[in-house]
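Those letters in the sequence shown? Residues 36 to 370, per the numbering used here, in order. In this text, a Cβ means the ideal position worked out from N, Cα and C, and glycines have one as well. One structure is given here, and the rest of the page talks about it.
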Amino acid sequence: MELFERLTKRAKANRRRIVLPEGAETRNITAADHILADELADIILLGNPEEIADKAKELGLTHINRATVLDPADEKNIDKYAPLFFELRKNKGVTMEDARRFTANELYFGCLMVKAGDADGMVSGAIHTTGDVLRAAFQIIKTEPGINTVSGAFIMLLPEGSPYGSNGLMIFADCAVVPDPDAHQLAEIAVCAARTAREVADIDPRVAILSFSTKGSAKHERVDKVIEATRIAHEMAPELHLDGELQTDAAIVPVVASLKAPQSDIAGRANILVFPSLEVGNIAYKLVQRIAGAEAVGPLLQGLAAPVSDLSRGCVADDIYKTIIMTANQAIHED
Ligand code: ACO
Numbered sequence: 036m037e038l039f040e041r042l043t044k045r046a047k048a049n050r051r052r053i054v055l056p057e058g059a060e061t062r063n064i065t066a067a068d069h070i071l072a073d074e075l076a077d078i079i080l081l082g083n084p085e086e087i088a089d090k091a092k093e094l095g096l097t098h099i100n101r102a103t104v105l106d107p108a109d110e111k112n113i114d115k116y117a118p119l120f121f122e123l124r125k126n127k128g129v130t131m132e133d134a135r136r137f138t139a140n141e142l143y144f145g146c147l148m149v150k151a152g153d154a155d156g157m158v159s160g161a162i163h164t165t166g167d168v169l170r171a172a173f174q175i176i177k178t179e180p181g182i183n184t185v186s187g188a189f190i191m192l193l194p195e196g197s198p199y200g201s202n203g204l205m206i207f208a209d210c211a212v213v214p215d216p217d218a219h220q221l222a223e224i225a226v227c228a229a230r231t232a233r234e235v236a237d238i239d240p241r242v243a244i245l246s247f248s249t250k251g252s253a254k255h256e257r258v259d260k261v262i263e264a265t266r267i268a269h270e271m272a273p274e275l276h277l278d279g280e281l282q283t284d285a286a287i288v289p290v291v292a293s294l295k296a297p298q299s300d301i302a303g304r305a306n307i308l309v310f311p312s313l314e315v316g317n318i319a320y321k322l323v324q325r326i327a328g329a330e331a332v333g334p335l336l337q338g339l340a341a342p343v344s345d346l347s348r349g350c351v352a353d354d355i356y357k358t359i360i361m362t363a364n365q366a367i368h369e370d
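Written as structure tokens, this is what we have:
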């Protein structure tokens with residue numbers, strides 16, 4: 036069964052509540068209508084109820100009336116969630132007045148709903164920037180126990196017949212969040228990517244932490260960082276099939292692996308590539324997407340205490356539909 040078929044089936048069987056802060060926006064409301072029509076999740080739309088109703092009418096949507104609509108600007112709603120924001124941020128100098136102002140912002144309101152247990156996940160970013168979505172999630176939802184660094188993974192679906200990864204499916208991380216990870220952060224990114232692989236992509240992880248060196252072939256402080264990250268990741272998750280430092284060819288091409296890293300248990304057959312910096316990760320996923328014709332699904336934020344997904348501002352309604360399904364699947368694994 037194809038990945039999306041499996042995820043769709045799982046979402047339908049375990050309906051989760053997904054909040055969409057950009058509730059009156061055309062692509063969001065269209066995706067929400069399709070999700071409700073297919074009964075894949077319960078939807079909470081944030082925004083002005085009249086504006087949302089007008090938009091639904093204009094677009095001729097027929098299932099959206101099953102969504103819950105909440106207005107973050109409504110005083111009653113602010114009264115409900117501002118105390119939670121105040122509790123979470125008072126040690127950062129936030130006053131109750133600040134808390135009320137932040138709560139009225141739809142991104143913060145959505146994260147507060149998730150934190151309060153009134154929603155299982157949030158999808159946003161068709162209008163807001165990545166930084167804005169991430170900051171709200173960092174401040175309110177925070178990281179899961181044992182993890183300090185949130186990062187972003189892409190599921191890369193390579194063209195049919197590709198010999199790489201698991202039947203052409205690979206995970207790339209971090210491609211979206213941490214500009215210059217230190218060794219500890221890199222190790223966390225690797226461990227979280229393995230979890231993403233198991234939970235959302237349904238594959239057994241084989242993780243390569245990449246460098247421009249394979250097993251000591253080059254000496255440089257950046258190589259040292261990857262060696263140290265590999266050591267820490269082994270300490271964090273001793274059961275994980277993971278290795279570094281590896282060049283990309285040693286990580287994914289068996290014949291090169293047998294020459295450059297013959298002792299490695301994952302070299303030549305890695306299905307998760309962990310990049311040493313955001314520059315490399317972001318550039319690499321876009322190159323593979325555009326030049327190799329892969330479908331890039333994500334970024335899936337990993338390491339948060341509850342799922343939040345950031346959309347690309349260039350997304351279409353179908354991307355939001357798929358992201359809601361992925362986020363619902365992440366939420367199923369939270370339980
Ligand atoms: N994981 C967990 N918490 C974090 C992380 C992280 N990776 N980064 C920052 N935080 C927390 C901080 O600890 C801090 O918490 P506190 O306020 O409770 O003390 C809070 O978030 C704000 O931290 P800052 O250092 O002030 O973070 P800043 O706002 O400067 O930047 C951001 C964070 C927005 C994620 C920044 O790292 C960033 O811009 N990253 C790149 C995002 C991006 O543009 N990606 C490329 C596009 S996406 C794409 O192409 C798919």
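Proximity of residue i and residue j at Cβ, strictly below 8 Å
i	j	result
A59	K90	yes
P395	K260	Limits of the chain in this structure are 36 at one end and 370 at the other, which puts residue 395 out of reach.
T184	E122	no
L169	V104	no
K55	S159	The residue asked about is misnamed: residue 55 is Leu in this sequence, not Lys. Cβ distance < 8 Å, so L55 and S159 count as in contact.
T61	L96	no
V149	A341	yes
A286	A243	yes
V309	M191	no
I307	A218	no
A188	P334	yes
R52	I79	yes
L81	R101	no
H276	D300	yes
Rounded C-alpha distance that separates residue i from residue j
i	j	result
V288	R304	7 Å
E179	M157	16 Å
E280	L142	38 Å
G13	C146	Limits of the chain in this structure are 36 at one end and 370 at the other, which puts residue 13 out of reach.
L346	A331	12 Å
A67	G251	51 Å
P297	V290	10 Å
A48	D155	15 Å
A108	K44	36 Å
H269	F144	38 Å
L42	N364	7 Å
I267	T138	38 Å
I182	N140	27 Å
E40	D77	19 Å
The alpha helix (DSSP H) enclosing residue i, as first and last residue numbers
i	result
P289	P289 to K295
F121	E110 to R124
R62	T61 to A72
Residue range of the unbroken beta strand (DSSP E) whose run includes residue i
i	result
L308	I307 to V309
V343	V343 to D345
L322	That residue, L322, is in no beta strand (DSSP E); its alpha helix (DSSP H) goes L313 to I326.
F189	S186 to L192
P334	E330 to Q337
A79	The amino acid at residue 79 is misidentified as Ala; the sequence shows Ile. Residues D77 to L81.
Rounded distance between the beta-carbons of residue j and residue i, thought under 8 Å
i	j	result
G316	D209	5 Å
A329	L193	5 Å
A161	N63	6 Å
T249	K295	4 Å
I360	A46	5 Å
Neighbourhood of residue i by C-beta distance below 6 Å, restricted to the same chain and skipping five residues each side
i	result
A264	A218, L221, A222 and I244
A292	A285, A302 and G303
A117	A134, R135 and T138
8 Å Cβ shell around residue i - same chain, five flanking residues per side excluded
i	result
E74	K47 and R50
Beta-carbon contacts of residue i that lie in its chain and below 7 Å, excluding the five residues immediately before and after
i	result
A253	F247
V351	R62
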